[in-house]
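Asker: Line by line, the protein sequences are chains A and B. Under our numbering, the first sequence has 103 at position 103, and the numbering climbs by one with no breaks. Under our numbering, the second sequence has 328 at position 328, and the numbering climbs by one with no breaks.
Protein chains: 2
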Amino acid sequence: MADIADVARLAGVSTATVSRALNGKTASPATRAKVLAAAAELGYVISSNASGLASGRTRHIGFMVPFIDRWFFADVLTGIESVLLSQGYDVTLYDLQGNESQRDQVFGSSLRRASIDGLIAASIELTPDEILALRALGKPVVSIGGYIEGATAVDVDNARMATLATEHLLSLGHTRIAYVGAGRTIASAFQLGDARYDGWLSAMRAAGLEVEETGFWEADFDIPSGYAAAKALLAHDRPTAIFAASDEIGIGCMLAARDLGLRVPDDLSIVGIDDHKLSAFFGLTTLAQDPAGQGRLAAHLLLAQLDNPGAAPEHRTLTPRFVVRSSTARPGGAVHETA
Amino acid sequence: MADIADVARLAGVSTATVSRALNGKTASPATRAKVLAAAAELGYVISSNASGLASGRTRHIGFMVPFIDRWFFADVLTGIESVLLSQGYDVTLYDLQGNESQRDQVFGSSLRRASIDGLIAASIELTPDEILALRALGKPVVSIGGYIEGATAVDVDNARMATLATEHLLSLGHTRIAYVGAGRTIASAFQLGDARYDGWLSAMRAAGLEVEETGFWEADFDIPSGYAAAKALLAHDRPTAIFAASDEIGIGCMLAARDLGLRVPDDLSIVGIDDHKLSAFFGLTTLAQDPAGQGRLAAHLLLAQLDNPGAAPEHRTLTPRFVVRSSTARPGGAVHETA
DNA sequence: GTGAAAGCGCTAACAG
DNA sequence: CTGTTAGCGCTTTCAC
């Protein structure tokens with residue numbers, strides 16, 4: 001494979017000049033053109049190891065996730081790749097799924113081999129030691145949907161989303177609105193805290209409504225769990241509406257309602273959060289989070305920090321988009337309205 | 001950050017010895033212990049760039065996918081990570097989703113920066129130029145679910161799976177069995193060819209059954225598409241069973257049947273392929289593909305080739321596992337049996 | 001704007 | 001089994 005010396009020879013310049021021309025540093029237009037032509041002719045591609053060793057930059061960024069086999073993280077990754085690949089960056093995946101040793105491996109070794117220029121971490125909850133390890137890298141970190149000390153953060157306002165969703169139901173005339181959402185364990189794994197629960201609660205209270213004990217039903221963030229919770233809830237003291245902490249939970253609720261012979265939205269309104277791929281199919285009203293957009297934003301912010309290492313960490317909160325579909329209506333089956 | 005010279009000094013040996021001890025080469029136990037202790041004390045971690053530059057190995061492997069936001073690929077990736085991370089390898093993702101330029105970027109540049117030791121490609125259909133580019137790398141490639149000249153391959157026998165699924169229905173007494181599956185475009189994107197179609201067809205023919213024109217219904221590999229196809233199909237000349245080319249299609253069919261007031265399996269049996277995460281919830285009978293297992297196997301095969309560069313490419317075909325659930329029964333609603 | 005030269009931190013012969 | 005000695009292929013001062 002051709003190396004930089006071959007290019008230099010063919011272009012009739014020094015290797016230093018080739019390096020500069022290829023990296024967009026000072027070089028006369030004429031020289032640059034010669035170098036580019038020579039590089040193209042030889043099919044020259046820079047060696048990332050040599051370049052990285054000499055410069056300290058690797059053009060690799062890390063993406064750390066609790067697990068990759070959940071649509072949210074896969075979508076975020078798609079967004080990240082779409083901006084990073086086009087800028088000539090590769091992304092290395094650090095998947096914390098699996099046993100503890102996989103996690104230790106990542107923090108103890110992979111991250112420290114100086115093979116990345118920066119890191120994007122999604123929904124990661126770090127131990128104190130891990131935070132130290134991350135800071136010791138001295139590399140920019142951007143966090144998606146979770147707070148990491150000193151890192152730029154991209155997130156959505158979970159409490160606000162929950163409030164909006166609840167207010168949508170309230171404005172339709174519902175007063176008996178159940179919340180089906182994450183138990184403590186799951187919520188913390190996703191770093192949602194109890195924000196969505198809190199948002200629901202405060203909207204209900206602001207409307208002067210009692211939130212009976214029966215209002216909260218625990219479910220993991222998936223369809224089966226939403227289904228089970230709704231089955232239990234609907235057999236109980238039936239509400240006229242459900243606010244589901246995620247679309248998958250909401251879809252589970254819709255399926256449960258259907259199996260119980262209830263019509264959505266006539267007998268039961270349901271609103272979720274996410275805008276999952278299946279939500280349009282099921283007609284689920286929801287607040288869209290746009291994970292790919294979060295990934296793109298995170299990638300841009302990271303790139304900006306790479307260009308400008310001195311900059312202070314930012315915190316960007318994204319505005320969710322309300323998507324009203326056919327799962328919500330006035331209680332009792334009145335015509336569907338867009339709140 | 002401590003470098004190899006620091007470790008050498010502390011351990012009282014040369015840098016070469018440190019390198020050997022750390023890489024599992026010849027070194028006396030006593031020396032190795034000293035080196036390891038020194039490295040641990042200093043928190044030393046090898047520089048992948050320096051090591052890669054000197055040795056030509058990077059301990060990075062690439063994973064190339066048509067898109068990552070499909071459960072199959074995410075699951076494969078989980079399997080790959082579980083074996084590679086523990087062996088000290090990082091995986092960098094090449095996502096071909098997005099525009100052409102993203103793809104060109106990957107083949108023209110990312111892959112060639114010598115930043116990976118090997119590549120795993122899942123369901124990738126390559127152009128002749130791309131195959132050339134890949135071969136030019138001179139690095140081991142393992143392909144999952146698709147054939148790449150000269151590469152080790154891991155796959156499942158799609159025709160056989162389709163035959164088994166169809167035979168399951170036949171053995172239950174069904175004779176009118178529709179196929180809902182991929183149209184040409186989708187099938188080729190996943191490199192399934194028409195194998196599943198062929199398997200269904202040959203099983204039907206072997207049973208002496210006519211496959212009317214109405215037997216094949218086109219659908220993409222997702223729930224909405226399966227739903228739409230089933231709606232059309234069931235309004236038509238109703239079969240007693242459906243063989244769905246994927247579980248997502250099958251789930252769509254189940255939902256459509258339910259919406260039409262049909263009971264599954266009493267009025268309609270449905271069998272899919274995959275063992276999707278949701279299939280247990282829906283009670284869908286299926287043939288499990290175990291994508292994570294495919295990923296693990298691919299990773300092991302790649303590692304083996306890295307250790308033994310001379311070895312000839314292998315071809316491993318995995319055996320699917322039959323998972324009988326509640327979506328299949330004798331026609332007419334007899335008791336469910338496990339084929 | 002460009003060239004010469006000195007490394008970046010490691011590994012791989014080659015001796016011993 | 002271990003030390004010495006060259007590089008691996010680039011980037012980056014520092015002069016000019």
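C-beta atoms are modelled at their ideal positions from N, C-alpha and C, and glycine is treated no differently. Here the structure is a predicted model, which is why all the values come from computation and not from measurement.
Would you verify that the beta carbon of Glu81(A) is, or is not, closer than 8 Å to some beta carbon of chain B?
Answerer: Here residue 81(A) is taken as the residue at index 81 of the first sequence, counted from 1. Cβ-Cβ to chain B under 8 Å: yes for Glu81(A).
Asker: Would you please verify whether the beta carbon of Ala5(B) is less than 8 Å from any beta carbon of chain A?
Answerer: Mapped onto the second sequence, residue 5(B) falls at position 5. So no, Ala5(B) is outside the interface.
Asker: Give, in chain order, every unbroken run of the beta strand (DSSP E) that is at least 3 residues long and sits entirely within the segment 93-151 of chain A.
Answerer: The segment 93-151 of chain A contains these whole beta strand (DSSP E) runs: 118-122, 141-144.
Asker: In chain B, which residues lie less than 8 Å from Ser86(A) when you measure between Cβ atoms?
Answerer: Residue 86(A) sits at position 86 when you count from the first residue of the first sequence. Result: Ser101, Gln102, Gln105.
Asker: Could you list which residues in chain B have their beta carbon closer than 7 Å to that of Ala74(A), in chain order?
Answerer: Counted from its first residue, the first sequence places residue 74(A) at position 74. Neighbours of Ala74(A) on chain B, chain order: Ile68, Asp69, Ala74.
Asker: Please name the residue in Pro309(B), Phe216(B), Ala206(B) whose C-alpha comes closest to that of Tyr197(B).
Answerer: Translated into positions along the second sequence, residue 197(B) becomes position 197. Comparing Cα positions, the closest option is Phe216(B).
Asker: Quick check: is the beta carbon of Gln294(A) nearer than 8 Å to any beta carbon in chain B?
Answerer: For the purposes of this step, residue 294(A) is taken as the residue at position 294 of the first sequence. Output row for Gln294(A): interface = no.
Asker: Any residues in the segment 229-245 of chain B with a beta carbon nearer than 7 Å to a beta carbon of chain A? Which ones, in chain order?
Answerer: Under the 7 Å Cβ criterion, the segment 229-245 of chain B contributes no residue.
Asker: Short check: CB of Gly272(A) to CB of Ser246(A), under 8 Å?
Answerer: Locating residue 272(A) in the first sequence gives position 272, counting from the first residue. Locating residue 246(A) in the first sequence gives position 246, counting from the first residue. Yes, these two residues count as a Cβ contact at 8 Å.
Asker: Output, in sequence order along the chain, the residues in the segment 265-285 of chain A whose CB is closer than 7 Å to any CB in chain B.
Answerer: Cβ contacts with chain B: Leu278, Phe281.
Asker: With distances taken between CB atoms, is the gap from Phe72(A) to Pro291(A) smaller than 8 Å?
Answerer: Counted from its first residue, the first sequence places residue 72(A) at position 72. Counted from its first residue, the first sequence places residue 291(A) at position 291. Against a cut-off of 8 Å, the Cβ pair of Pro291(A) and Phe72(A) comes out as a contact.
Asker: With DSSP as the reference, label Gly56(A) as helix, strand or coil.
Answerer: Translated into the one-based positions of the first sequence, residue 56(A) becomes position 56. DSSP places Gly56(A) in coil when its eight states are reduced to three.
Asker: Among Gly150(A), Ser327(A), Leu262(A), which one has its Cα closest to the Cα of Pro313(A)?
Answerer: Position 313 of the first sequence, counted from the first residue, corresponds to residue 313(A). Checked all of Gly150(A), Ser327(A), Leu262(A); the closest Cα to Pro313(A) is Gly150(A).
Asker: Around the C-beta of Thr17(B), are 16 or more other C-beta atoms found within 10 angstroms, so that it is buried, or is it exposed?
Answerer: Position 17 of the second sequence, counting from 1, holds the residue named residue 17(B). Its Cβ being crowded by 16 or more others within 10 Å, Thr17(B) is buried.
Asker: Residue range of the alpha helix (DSSP H) that Ala311(B) falls in?
Answerer: Working through the second sequence from its first residue, we reach residue 311(B) at position 311. Looking at the DSSP string, Ala311(B) is not in any alpha helix (DSSP H), and its letter there is neither H nor E.
Asker: If you draw a straight line from the C-alpha of Ile116(B) to the C-alpha of Arg70(A), how long is it?
Answerer: Numbered from its first residue, the second sequence carries residue 116(B) at position 116. Numbered from its first residue, the first sequence carries residue 70(A) at position 70. Rounded to whole angstroms, Ile116(B) to Arg70(A) spans 26 Å at the Cα level.
Asker: Hey, how far is the Cα of Gly62(A) from the Cα of Thr166(B)?
Answerer: One-based indexing of the first sequence puts residue 62(A) at position 62. One-based indexing of the second sequence puts residue 166(B) at position 166. If I take the Cα positions, the gap works out to 45 Å.
Asker: Which residues, in chain order, does the segment 136-166 of chain B contribute to contact with chain A at a C-beta distance below 7 Å?
Answerer: For the segment 136-166 of chain B, which is checked against every Cβ of chain A, not one residue is closer than 7 Å.
Asker: For chain B, check one thing: does any of its Cβ atoms lie closer than 8 Å to the Cβ of His300(A)?
Answerer: Here residue 300(A) refers to the residue found at position 300 of the first sequence. It does not: the Cβ of His300(A) has no partner Cβ on chain B nearer than 8 Å.
Asker: How about Val83(B) and Arg296(B): are their beta carbons less than 8 Å apart?
Answerer: In the second sequence, residue 83(B) corresponds to position 83, counting from 1. In the second sequence, residue 296(B) corresponds to position 296, counting from 1. Against a cut-off of 8 Å, the Cβ pair of Arg296(B) and Val83(B) comes out as a contact.
Asker: In terms of alpha-carbon separation, which member of Glu81(B), Thr78(B), Leu111(B), Gln87(B) lies closest to Tyr94(B)?
Answerer: One-based indexing of the second sequence puts residue 94(B) at position 94. Of the listed residues, the one whose Cα sits closest to Tyr94(B) is Leu111(B).
Asker: Taking 8 Å as the threshold, find out whether the segment 167-175 of chain A comes into contact with the segment 227-243 of chain A through three or more Cβ pairs.
Answerer: Result yes; three or more Cβ-Cβ pairs closer than 8 Å.
Asker: Verify whether the separation of the beta carbon atoms of Gln289(B) and Asp274(B) is less than 8 Å.
Answerer: Position 289 of the second sequence, counted from the first residue, corresponds to residue 289(B). Position 274 of the second sequence, counted from the first residue, corresponds to residue 274(B). Yes, these two residues count as a Cβ contact at 8 Å.
Asker: Distance, Cα to Cα, Leu119(A) vs Ala159(A)?
Answerer: Taking the first sequence and counting its residues from 1, the one referred to as residue 119(A) is at position 119. Taking the first sequence and counting its residues from 1, the one referred to as residue 159(A) is at position 159. Answer to the nearest angstrom: the Cα atoms are 27 Å apart.
Asker: Helix, strand or coil for Ile68(A), going by three-state DSSP, please let me know.
Answerer: In the first sequence, the residue the question calls residue 68(A) occupies position 68. Correct three-state label for Ile68(A): coil.
Asker: Can you tell me which residues form a DSSP beta bridge with Ser269(A)?
Answerer: As a working note, residue 269(A) is residue 269 in the first sequence. Ala241(A), per the DSSP bridge assignment.
Asker: With 16 as the cutoff for other CB atoms within 10 Å, does Thr26(A) come out buried or exposed?
Answerer: For the purposes of this step, residue 26(A) is taken as the residue at position 26 of the first sequence. Under this definition Thr26(A) is an exposed residue.
Asker: What's the C-alpha gap between Ala219(A) and Ala178(A)?
Answerer: As a working note, residue 219(A) is residue 219 in the first sequence. As a working note, residue 178(A) is residue 178 in the first sequence. Cα to Cα, Ala219(A) sits roughly 12 Å from Ala178(A).
Asker: Going along the chain, which residues of the segment 209-226 of chain A sit with their C-beta nearer than 7 Å to a C-beta in chain B?
Answerer: Per Cβ criterion, the list reads Ile223, Pro224.
Asker: Counting only the same chain and skipping the five closest in sequence on each side, list residues whose C-beta sits under 6 Å from that of Ala11(A).
Answerer: The count along the first sequence starts at 1 and reaches residue 11(A) at position 11. Only Lys34, Val35, Ala38 meet the Cβ criterion.
Asker: DSSP three-state label for Phe63(B), please.
Answerer: On the second sequence, residue 63(B) is found 63 positions in, with the first residue counted as 1. Reduced to three states, the DSSP call for Phe63(B) is strand.
Asker: Compute the Euclidean distance between the alpha carbons of Glu337(A) and Ala329(A), then round it to the nearest angstrom.
Answerer: Here residue 337(A) is taken as the residue at index 337 of the first sequence, counted from 1. Here residue 329(A) is taken as the residue at index 329 of the first sequence, counted from 1. Legend: pLDDT at Glu337(A) = 47, less than 50; position of this residue unreliable, value from coordinates given subsequently. Each residue's Cα considered, the two are about 6 Å apart.
Asker: At a Cβ threshold of 8 Å, is Asp90(A) touching chain B?
Answerer: What you label residue 90(A) is simply residue 90 of the first sequence in a count that begins at 1. Closer than 8 Å to some Cβ of chain B, the Cβ of Asp90(A) qualifies, so yes.
Asker: Mind checking if Val45(A) is an interface residue toward chain B, Cβ cutoff 8 Å exclusive?
Answerer: Here residue 45(A) is taken as the residue at index 45 of the first sequence, counted from 1. Chain B, which has a Cβ nearer than 8 Å to the Cβ of Val45(A), makes this yes.
Asker: With the cut-off set at 8 Å, would you say Ala2(A) and Gly52(A) are in Cβ contact?
Answerer: Here residue 2(A) refers to the residue found at position 2 of the first sequence. Here residue 52(A) refers to the residue found at position 52 of the first sequence. The answer is no: Cβ separation not under 8 Å.
Asker: Apply the 10 Å Cβ neighbour rule to Pro140(A) and answer buried if 16 or more other Cβ atoms are within range, or exposed otherwise.
Answerer: Indexing the first sequence from 1 puts residue 140(A) at position 140. Pro140(A) comes out buried.
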